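The following block contains the structure:
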């Protein structure tokens, strides 16, 4: 005989499925796609003298993503689908046209899409240029001996601006009727 579904209102732990739902599988897939297409960053950071330690700028710039990840535990929405879609689009076009800059912008957009943003936190998104090889190329012509300090200062300023701006409000609970 079939038993009726549990109507007690308590959530059962379904193991891996609950984990995948909480980690937002679609967001993770878009992020992985953008990350794969921006894989040339590793070579640039290893070989180019003006792009060395760009990974450190990415780490500093990515600190807000790590801090906002705690919202997953509280069940709050984390990402913004329009930024994730923009990242997917930029990475796709960048791969079609072999334009690494678009791949890097796609990765930055996808990473920003993992965080709930307010308009006051947009300078953080602009500071993503701090870890891209474009800054090393421009810096090699304009300020060749100041590329690394410029990278780290820009990443730190963007991250500081993010943390000094108010966090996005949590979703309002529906009104009981």
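Numbering (the UniProt record's numbering), first residue to last: 1 to 177. No residue lacks a Cβ here, since even glycine has one placed at the ideal position from N, Cα and C. This one's a predicted model, so the numbers in the text were calculated from it and none came from an experiment.
With burial defined as no fewer than 16 other Cβ atoms inside 10 Å of the residue's Cβ, what is the status of residue i: buried or exposed?
i           : result
residue 68  : buried
residue 91  : buried
residue 61  : buried
residue 66  : exposed
residue 28  : exposed
residue 104 : buried
residue 64  : buried
residue 97  : exposed
residue 191 : Coverage of the chain is limited to positions 1 through 177, which leaves residue 191 absent and any answer about it impossible.
residue 9   : Low confidence applies to residue 9: its pLDDT is 47, below 50, so where it sits in the model is not reliable enough to give any reading.
Can you find the residues in the same chain that come closer than 6 Å, C-beta to C-beta, to residue i, ignoring five residues on each side of it along the sequence?
i           : result
residue 88  : 30
residue 99  : none
residue 45  : 51, 54, 55
residue 108 : 128
residue 38  : 103, 104, 107
Measure from the alpha carbon of residue i to the alpha carbon of each residue in the options, then state which is nearest.
i           : options           : result
residue 95  : 34, 122, 51       : 34
residue 130 : 84, 85, 59        : 59
residue 153 : 54, 104, 102      : 54
residue 119 : 139, 107, 39, 166 : 166
residue 111 : 40, 149, 82       : 82
Using a Cβ-Cβ cutoff of less than 7 Å, which residues in the same chain neighbour residue i once the five nearest sequence positions on both sides are dropped?
i           : result
residue 80  : 113, 116, 117
residue 155 : 57, 60, 61, 127, 130, 131
Under the three-state reduction of DSSP, which class applies to residue i: helix, strand or coil?
i           : result
residue 80  : coil
residue 37  : helix
residue 120 : helix
residue 140 : helix
residue 47  : helix
residue 115 : coil
residue 53  : coil
residue 62  : coil
residue 99  : coil
residue 149 : helix
Within its chain, find whatever has a CB closer than 8 Å to the CB of residue i; leave out the 5 residues flanking it on each side and keep chain order.
i           : result
residue 134 : 101, 104
Pairing CB atoms from the region 144-162 with CB atoms from the region 37-53, are three or more of them under 8 Å?
yes
Per the contact definition of three or more C-beta pairs closer than 8 Å, is the region 123-133 in contact with the region 149-166?
yes
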